[in-house]
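Participant: Quick one: the structure is below, questions incoming.
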Amino acid sequence: MTHVEAEISSQPECWRQAADLVAGSAAALPARGERVAVIGCGTSWFVAMAYAALRERAGHGETDAFQASEFPTERRYDRVLAITRSGTTTEVLDALTAVRGQRPSTVLVGAPETPAVDLAEQTVALPFADERSVVQTRFATSVLALLRAHLGADVGALVADAEVAVRAPLPVDPAAVEQVTFLGRGWTIGLAQEAALKCREAAGFWAEAYPAMDYRHGPISIAAPGRVVWAFGDPPAGLANQVGATGATFVPGPADEAYPTNGG
3 MTHVEAEISS
13 QPECWRQAAD
23 LVAGSAAALP
33 ARGERVAVIG
43 CGTSWFVAMA
53 YAALRERAGH
63 GETDAFQASE
73 FPTERRYDRV
83 LAITRSGTTT
93 EVLDALTAVR
103 GQRPSTVLVG
113 APETPAVDLA
123 EQTVALPFAD
133 ERSVVQTRFA
143 TSVLALLRAH
153 LGADVGALVA
163 DAEVAVRAPL
173 PVDPAAVEQV
183 TFLGRGWTIG
193 LAQEAALKCR
203 EAAGFWAEAY
213 PAMDYRHGPI
223 SIAAPGRVVW
233 AFGDPPAGLA
243 NQVGATGATF
253 VPGPADEAYP
263 TNGG
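Letter by letter, the sequence shown follows residues 3 to 266 of my numbering.
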């Protein structure tokens, strides 16, 4: 097993450890009612997007996600939450420097002894999820597990699902696929963007991502035999049939039942 394979397969255990951090990290994480900006780059930005949508859905407060270089530092927020595995991402460091002393900031980091820790007021470190791989896998998913646990999600249920998923065969044979488009709705738009990024980064594979409702407004034109449309969450009514009519393969994603019925 390569270190990449080991890091991917270790995700369920990392999620358990991430959830265990919540009790001791509550003061550093966004409080209910705070207006929060979440920043990151690449994968961390997509995690920020997912968390922002989840936090608002759970009724915890207004939450915006920004690519760190595009963060409007003059805008008023009760807390800035930065995500950076390495703790050295230039754009994140610049944003933290700009808000230092102006508003509370917390950094979620894989490597604790790094510049981001010195710039942020508070730190939540996940060294058990740090990675040798340049392409992020377990750090990003562990951060999301931590944040979801803080919102009230049943991370134990997520872990059980992940233990099956990391061992299950793919629903399509990658060797037989020319192109894949990932779709999401709500918080899973961030997941769709991350899935496409992983295909591009790890395999140089032609992959795109869109909000599922917007996919029919143009992007569906590339759907064709030998191509796949993979949906996270519940797809819009009729979309599977529309994709099937193009000859492309439609892959529905599993439901996510990690939240109680009251929304967290």
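The beta-carbon is built from N, C-alpha and C at its ideal position, and this holds for glycine as well.
Does DSSP put Thr108 in a helix, in a strand, or in coil?
Facilitator: The answer is strand: DSSP assigns Thr108 an E or B state.
Participant: Apart from the five residues just before and just after Gln267, which ones in its own chain have a Cβ nearer than 7 Å to its Cβ?
Facilitator: For residue 267 there is no data in the structure shown, the boundaries of the chain being 3 and 266.
Participant: Identify the continuous alpha helix (DSSP H) that holds Trp232 and give its terminal residues.
Facilitator: First-last for Trp232: 229-233, but that is the beta strand (DSSP E), not the alpha helix (DSSP H).
Participant: In whole angstroms, what is the alpha-carbon distance linking Thr263 and Asp156?
Facilitator: With a pLDDT of 32 at Thr263, under the threshold of 50, the predicted position of this residue should be treated as unreliable, though the coordinate-derived value follows. If you take the alpha carbons of Thr263 and Asp156, they lie about 11 Å apart.
Participant: Return the CA-CA distance between Ser88 and Glu133, expressed in angstroms with no decimal places.
Facilitator: Their Cα atoms are separated by approximately 9 Å.
Participant: For Asn264, which of helix, strand or coil comes out of DSSP?
Facilitator: Low confidence applies to Asn264: its pLDDT is 34, below 50, so where it sits in the model is not reliable, and the reading given next is rough at best. Of the three classes helix, strand and coil, the one that applies to Asn264 here is coil, per DSSP.
Participant: Under a CB-based cut-off of 7 Å, is Gly103 close to chain D?
Facilitator: Protein chain content of the structure displayed is limited to a single chain, and chain D is not contained in it.
Participant: List the endpoints of the continuous alpha helix (DSSP H) containing Leu185.
Facilitator: No alpha helix (DSSP H) holds Leu185; the beta strand (DSSP E) holding it covers 181-186.
Participant: Let me know the secondary structure DSSP gives Ala131 once reduced to three states.
Facilitator: Reduced to three states, the DSSP call for Ala131 is helix.
Participant: Find the nearest neighbour of His152 within the set Gln13, His5, Ala60, Thr248, judged by alpha-carbon distance.
Facilitator: If we check each option's Cα against that of His152, Ala60 comes out closest.
Participant: Does the stretch 131-150 come within contact of the stretch 49-68, defined as at least 3 CB pairs closer than 8 Å?
Facilitator: The stretch 131-150 is in contact with the stretch 49-68.
Participant: Among Ala250, Pro237, Leu23, which residue has its Cα nearest to the Cα of Pro256?
Facilitator: Looking at the Cα atoms, Pro237 is the closest of the given residues.
Participant: Could you check where the beta strand (DSSP E) with Thr86 kicks off and where it finishes?
Facilitator: It spans 81-86 - the beta strand (DSSP E) in which Thr86 sits, taken as one unbroken run.
Participant: Pull up the distance between the alpha-carbon of Glu115 and that of Arg37, whole angstroms please.
Facilitator: Their Cα atoms are separated by approximately 28 Å.
Participant: Starting from Phe68, follow its DSSP beta bridges and name the residues at the other end.
Facilitator: Answer by DSSP bridge pairing, in chain order: Ile41.
Participant: Just tell me which of Arg187, Ala239, Gly103, Gly63 has its CA closest to the CA of Thr75.
Facilitator: Minimum Cα distance to Thr75 is reached at Gly103.
Participant: State yes or no: is the C-beta of Val166 within less than 7 Å of the C-beta of Val230?
Facilitator: Not closer than 7 Å, so no.
Participant: Who are the Cβ neighbours of Val137 in its own chain at under 6 Å, not counting the five residues just before and after it?
Facilitator: Answer for Val137: Glu203, Ala204, listed in chain order.
Participant: Following the continuous beta strand (DSSP E) through Thr251, name the residue where it begins and the one where it ends.
Facilitator: Run containing Thr251: 251-254, per the beta strand (DSSP E) assignment.
Participant: Could you tell me the boundaries of the beta strand (DSSP E) in which Ala211 lies?
Facilitator: Ala211 -> beta strand (DSSP E) spans 209-213.
Participant: Taking the alpha helix (DSSP H) that Ser223 falls in, what are its first and last residues?
Facilitator: Looking at the DSSP string, Ser223 is not in any alpha helix (DSSP H), and its letter there is neither H nor E.
Participant: Round the Cβ separation of Thr45 and Arg57 to the nearest angstrom and send it over; I've been treating them as touching at under 8 Å.
Facilitator: Wrong, their Cβ atoms sit about 19 Å apart, outside the cutoff.
Participant: What is the DSSP secondary structure of Thr248, counted as helix, strand or coil?
Facilitator: Coil at Thr248, not helix or strand.
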